[in-house]
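Protein chains in written order, with the numbering used here: chain G, 1 to 442; chain C, 443 to 1022.
Glycine is no exception: its CB is placed at the ideal position from the N, C-alpha and C atoms.
Let me begin by presenting the structure, written as structure tokens, before commenting on it.
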């Protein structure tokens, strides 16, 4: 399909970013192609559905997180309060069970994002994923036609563990040893989304294609000589070549101004600014249909950044174990994460598409690596499902209090909502064959 | 399987009997799922069980029985069979080294390549398991265009790389035959010539510039799996197993082991001329390469990997707790350790056991200040430590003391675990899923308790005790050094007690532990095994044990790193692989 290049018009300029001067997005993109009823593209194709993962480290404070009441009339808890404006779009799930073997942080991260235990790569705290993470499961089904098969962004880049395998480096994985490392720099992420990388071949796109074809032939020839594991590695090489190829053409129909360079102050990194910019970029990517699967890691599993913006002088991770009493700083951390989830949901909701908005067509799965930082347990993990998932998810949202059902039921609901045709999810310990019906549209 | 080297088969390991019985006593009552026994680190010689528990080869709770290092009896005594062949992906550092060696110092190389994640403790093993995710390939594509442009735009560099006037097929062929083959570390095959000639033609026609034609060809050569991976498969027509690496594969295997880069000109010429066929010829090349400056680079990369020094790029210590922390301090600490070991290996090749209690080190100004030493005349000059002082040897260095600590405190647990895992090749199970890691409020707040005291309370919980008892009594040796490596005599108003025990042998402080470690019967076999894993990029299988044992035994208890590398690289066993 071809989308014509549009003029930037005032109506479609959206606000965002640092001090109001940041990412200016002029994005009528799909609008011009919508059919008369505004709920499908002119050609009769339904509006795209999107899946996102919103992840933060070190869990929540369960007693301040779990809503006191259940069902549609539930009242938001203290830690969920920032999501108030989007409560209709929010399903809160508590009481689910995750069965995962592995070191703390690792077991929770991998199971919450892929439904299995981690794959050990040298002890229980050096691991990688066994399977694709849910964003990649979705990308395989809904991401093949977009410029990026999936978009991986991160916010807090400090304190990432580099010696514990790939699990602590990336929340999105294609499988073992194949992390999709998040881009922490909004400007670099923007370039990748929109294009504009200057390469010698830019003036001669067919030649870049010829280079890729030549390399592809090398990979295919080598593939014939090796064993099964190495064949998978060369398949990954081939996938990568295809990914580059689909980004050869500049993005059509989507005009946007690059985000400002974020001044990094090592002692006081502007986490808030970066988080907002990354949420703006996700909005841009969805609005221009550049990606349909995304993940945003506010902080990476097991990382130990100092959240100076909360007044911390010691790292958040150590503090989660040691802060005495009611753990006010840890509570503030959860509120900080939820504030940015609210910002993301707000951006999606205020961005019209068809007769609705982007949040209508999106399912955001929000979770963490442990239930509570203090004990690092994986009992009663925080789970949020935001957005209507194209109408498949319950609206207005509910608080569903489960009695130890498999987390994979939620995975299944979310994946099916965005159109992934699967009948089961998770490994033998967690396998679900039916969704979490309480959060599905009746 | 057949016997490759009768010499290996006949010789019996000599160190096996030396394991102290105390090891067996380490096995504690299992509680709440934490297997309270050390096991042979990360598998090898039999599949590891879940959660690092002993695998089928070492099932049961007897510590020594779960502990095939130096080795339990091999499945078939004395028979060596190599592990499977396959592809080795170049690490980020190897990509950069090869390009720098081939293109010289004027070329600006990519800076944004993500360092590789270690697998089973080694980046070298990641090279046989990890592929190249799309995001990394994108970065490599950008880098490939950038490098190719620099090469073709610089007249001198272009002349050096291409060697003829671009345009005629003969020149393209010569470029592919010389530079292309060097880059891929093997001659191109006929079909590959055709493919790259065709690409050069297309690009020349479309751009109207023969040099740009070669630029696109070079870009493709750089992005090809034939550059980014190297094969260890034996000849293309090889059938069955074991099979001998071809000359080019062998040259690469040895060169990347010893220099972290591709074969140098002389090794390359030897591979081309077919003079690597005999064991003596191969041994001479190994000896020669070990004498080149590149071998020093290779040693630094090797040590960084096996001693887990990569994460010192960024110290995790918190500045509010440790005002001594600077942006460069972690790198300075790594440099100290690398200089120490470099000094040991080149030119002396002294016994590694000596570094555990030696009383000199190599510091720059900021480290000297941290250690309370006078500043050296030049950065990393050798400087004497107080022969009777608390700080001595490798484990008195910041790379260990700060590198294995918590962000805000010491960690006897992490320090002890490092000693077990890295120096003795024993793995420690992670905390069980149901471990309650919450620090009770009164304990967290306590200003009256030492770290040692807090850990003792922690060990009162049976679920925690089993595993902590394996590591904490070692780690407390270093309590006289705070979380960033500064010497201290008190904590929480109490004098430091750094006494503990290693496998039942008592020590009174870190120096005493150093002496015990130097004499520990597992140290030499552990170092040897780690070098082997680094060299082959895999955890060894049972049938590779006899060779490792023989290698470890060859120096009668001494541990000369360069000698071990020479014997490993020159060994017949190192030139063989199994079927992929």
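Residue-level contact to chain C via CB, residue i, 7 Å cutoff
i: residue 344/G; result: no
i: residue 160/G; result: no
i: residue 134/G; result: no
i: residue 314/G; result: yes
i: residue 116/G; result: no
i: residue 230/G; result: yes
i: residue 163/G; result: yes
i: residue 166/G; result: yes
i: residue 244/G; result: yes
Residue-chain proximity (residue i, chain G), Cβ-Cβ < 7 Å
i: residue 595/C; result: no
i: residue 801/C; result: no
i: residue 982/C; result: no
i: residue 704/C; result: no
i: residue 833/C; result: no
i: residue 674/C; result: no
i: residue 535/C; result: no
i: residue 583/C; result: yes
i: residue 895/C; result: no
i: residue 753/C; result: yes
i: residue 1018/C; result: no
i: residue 853/C; result: no
Neighbouring residues, chain C, relative to residue i (Cβ below 9 Å)
i: residue 236/G; result: 573, 574, 575, 576, 579
i: residue 206/G; result: 644, 648
Cβ-based neighbour list, residue i, same chain, cut-off 6 Å, excluding 5 preceding and 5 following
i: residue 99/G; result: 429, 430
i: residue 303/G; result: 57, 159, 160
i: residue 957/C; result: 799
i: residue 555/C; result: 534
Where residue i meets chain C, residues with beta-carbon distance less than 7 Å
i: residue 121/G; result: 561, 562
i: residue 217/G; result: 637
i: residue 318/G; result: 848, 849, 850
Beta-carbon neighbours of residue i, restricted to chain C and to distances below 8 Å
i: residue 177/G; result: 559, 561, 568, 571, 572, 573
8 Å contact criterion, which residue i and residue j should meet: CB distance rounded
i: residue 467/G; j: residue 86/G; result: This structure does not reach residue 467/G, given that chain G is present from 1 up to 442, and the question cannot be answered.
i: residue 544/C; j: residue 625/C; result: 7 Å
i: residue 415/G; j: residue 362/G; result: Not really, about 13 Å apart at Cβ, beyond 8 Å.
i: residue 623/C; j: residue 979/C; result: About 23 Å separates the two Cβ atoms, so there is no contact after all.
i: residue 146/G; j: residue 266/G; result: 35 Å between Cβ atoms; not a contact.
i: residue 1003/C; j: residue 732/C; result: Rounded, the Cβ-Cβ distance is 11 Å, inconsistent with contact.
i: residue 616/C; j: residue 657/C; result: About 16 Å; that fails the 8 Å criterion.
i: residue 96/G; j: residue 402/G; result: 5 Å
i: residue 226/G; j: residue 670/C; result: Not really, about 14 Å apart at Cβ, beyond 8 Å.
Proximal residues to residue i (C-beta, below 7 Å), its chain only, five neighbours per side dropped
i: residue 440/G; result: 392, 393, 394, 413
i: residue 424/G; result: 431, 432, 433
i: residue 627/C; result: 672, 690, 694, 704, 705
i: residue 187/G; result: 258, 259, 261
i: residue 652/C; result: 608, 609, 646
Chain G residues whose Cβ lies nearer than 8 Å to that of residue i
i: residue 658/C; result: 201, 207, 210, 211
i: residue 857/C; result: By Cβ distance, chain G contributes nothing, its closest Cβ being about 15 Å from residue 857/C, past 8 Å.
Residues near residue i in its chain [Cβ-Cβ closer than 8 Å; skip 5 each side]
i: residue 183/G; result: 152, 153, 154, 189, 192
i: residue 921/C; result: 852, 854, 892, 893, 894, 933, 938, 939, 940
i: residue 931/C; result: 922, 937, 938
i: residue 263/G; result: 270
Proximal chain G residues relative to residue i, where beta-carbon distance stays under 9 Å
i: residue 638/C; result: 214
i: residue 763/C; result: 313, 314
i: residue 924/C; result: Within chain G, no residue comes near residue 924/C; the closest Cβ sits about 15 Å away, beyond 9 Å.
Residue i: contacting residues in chain G (beta-carbon distance under 7 Å)
i: residue 661/C; result: 211
i: residue 758/C; result: 159, 304
i: residue 529/C; result: 226, 230, 233
Quiz item: Fully enclosed by the stretch 230 to 299 of chain G, which beta strand (DSSP E) runs are 3 residues long or longer?
Solution: Runs found: 293 to 299.
Quiz prompt | beta strand (DSSP E) runs wholly inside the stretch 732 to 820 of chain C, at least 3 long, in chain order | solution = Counting whole runs of 3 or more residues, the stretch 732 to 820 of chain C contains the beta strand (DSSP E) stretches 802 to 805.
Self-check item: Whole runs of the beta strand (DSSP E) within the stretch 109 to 193 of chain G, excluding any shorter than 3 residues
Solution: Correct list: 151 to 156, 172 to 175, 178 to 180.
Self-check item: In chain order, each alpha helix (DSSP H) run of at least 4 residues that lies wholly inside the stretch 647 to 734 of chain C
Solution: Qualifying alpha helix (DSSP H) stretches, in chain order: 652 to 665, 667 to 670, 689 to 701, 707 to 714, 721 to 732.
Quiz prompt | Every unbroken alpha helix (DSSP H) inside the stretch 371 to 436 of chain G [4 residues or more] | solution = As far as the stretch 371 to 436 of chain G is concerned, its whole alpha helix (DSSP H) runs of at least 4 residues are 407 to 417.
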